[in-house]
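Residue numbers (our numbering): 2 to 193. We put the CB at the ideal spot given by N, CA and C, even for glycine. Input: a single structure, listed below in structure tokens.
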């Protein structure tokens, strides 16, 4: 594992300017992009995440990784998988949502906004186009938790954080925690 050899990247925490920077398209899926994707996946797993966008490790390429235990790919506990034909983990390069339908509200968190969880409304189902690690264009139609993760990670690629999607009252209630995170993040940046 690359992560065990060296911790090349650190998580960007709320307040870090890279989290607000829209990502740039990947021009060529080469070895460097595949290594980056592998490193992102290892960081995501090591941090117990279900998704990770490049900005979250200080990079600005349009790339995200997704992965979680298939037991959570259900509408109800013990139910059938919602997206049985989709192998996880998954890396998406230059992803774009083509269609959104339905709605779901559920609690979200983010590796870049530690210890904050809040309800966010998202589409129940999305169609997403992307390029895979072999450089092949793909289109997937996904539902439920996987659709939520994709929308969350694609927001990151556009410089949008889940706290931007909260109801105004919830944003106000989290203002002190977010201010503290921003202050810590800026102090870390100044020290480096």
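- In this structure residue 155 is not in contact with residue 15, their Cβ atoms being roughly 18 Å apart against a cut-off of 8 Å.
- A direct Cα-Cα distance of roughly 31 Å separates residue 93 from residue 185.
- An exposed status is given to residue 36, since fewer than 16 other beta-carbon atoms sit within 10 Å of its beta-carbon.
- Rounded to whole angstroms, the gap between the alpha carbons of residue 191 and residue 13 is 14 Å.
- From the listed residues 134, 163, 145, 123, the smallest Cα separation to residue 32 is found for 134.
- When secondary structure is reduced to three states using DSSP, residue 174 falls in the helix class.
- Within its own chain, the residues whose Cβ lies closer than 6 Å to the Cβ of residue 171, once the five positions on either side in sequence are excluded, are 119, listed in chain order.
- Taken through DSSP and simplified to helix, strand or coil, residue 145 comes out as helix.
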